[in-house]
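See below for the structure under consideration.
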Amino acid sequence: MKVTVASYNIHKAVGLDRRRDPERILTVLREIDADVVALQEVDRRFGRRMTALPLDAIHETTDYRPVPLSMKPDSLGWHGNALLVRKGIDLIEAAPVPLPVLEPRGAIRADLAADGRRFRVVGMHLDLSGLRRRHQVRSVLAHCASCDDHVPTVMMGDLNEWSQRGGCLREFGAPWRVLMPGRSFPSRYPIAQLDRIIVSSEWQILETNVHHSPSSATGSDHLPVFASLTVPKK
């Protein structure tokens with residue numbers, strides 16, 4: 013089983029030019045061409061929390077379908093987090109991941125199947141507070157540990173962690189591996205690796221990187237990160 017995963021904080025589709033441009037975000041998603049994408053800040057923050065990416069545009073212009081976890085009828089995500097899955101990958105189950113929060117943050121989990129193999133994906137957007145981030149990572153790890161089946165797992169998102177190896181990253185002990193795709197924030201002159209991908213021991217890493225393009229350089233204040241992974245045959 014080979015899977016490419018990506019994480020992208022789309023900043024509610026508002027780019028560096030201060031324009032809300034959903035088509036620009038969709039262009040970036042088509043460029044990345046990942047199998048599973050974790051999005052952060054996908055819904056507007058106030059009022060009806062409308063999605064920044066229209067559902068009909070996702071269905072008509074991409075090969076993705078959103079995992080159904082929205083909080084409100086006009087939303088796409090759970091506290092702004094959403095998962096897009098390539099059509100043809102089976103969705104087995106999905107659930108929000110409860111997090112201790114002081115501000116609207118969240119995490120979501122989906123169990124998927126491709127090529128007859130089951131795997132798990134968690135998308136998350138962690139707090140600005142370092143102590144709160146550590147508590148949130150512990151909650152995500154506890155949630156995964158409580159799931160019925162132990163399967164290859166990927167966690168990814170905007171961790172808001174400026175440290176390269178410390179802070180909340182220390183919570184990911186063995187068998188977890190924290191990948192370092194590269195600097196992704198701010199998008200115009202990236203200096204920080206806020207967007208991370210964490211994988212369980214079953215995965216082999218084929219490639220990991222930051223996606224640079226004219227559209228991604230202006231579409232959000234974050235650049236997307238991605239990883240190509242494989243699970244060897246048993």
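All residue numbers for the sequence shown refer to the working numbering, where the first residue is 13 and numbers rise by one. A virtual CB, placed ideally from N, CA and C, is assigned to each residue, including glycine.
Of all the alpha helix (DSSP H) runs that stay within the bounds of the segment 117 to 156, which reach a length of 4 or more residues? none
How about the segment 90 to 110 and the segment 74 to 81: do they share at least three Cβ pairs that are nearer than 8 Å? yes
Buried/exposed call for K24, threshold 16 Cβ in 10 Å: buried
If the criterion is Cβ atoms closer than 8 Å, does the pair V134 and C156 meet it? yes
Answer yes or no: do M167 and M192 have a C-beta to C-beta separation smaller than 8 Å? no
Among R177, L218 and D233, nearest to H224 - alpha-carbon criterion: D233
Give a yes or no on whether the C-beta atoms belonging to G231 and V54 are separated by under 8 Å. no
Do you know how far the Cα of I101 is from the Cα of P164? 15 Å
From D47, I104 and R121, pick the residue whose C-alpha is nearest to that of R98; which is it? D47
Euclidean distance between Cα positions of I37 and I22: 7 Å
Alpha carbon to alpha carbon, what distance is there between A122 and P66? 21 Å
If you draw a straight line from the alpha carbon of Y20 to that of G92, how long is it in whole angstroms? 12 Å
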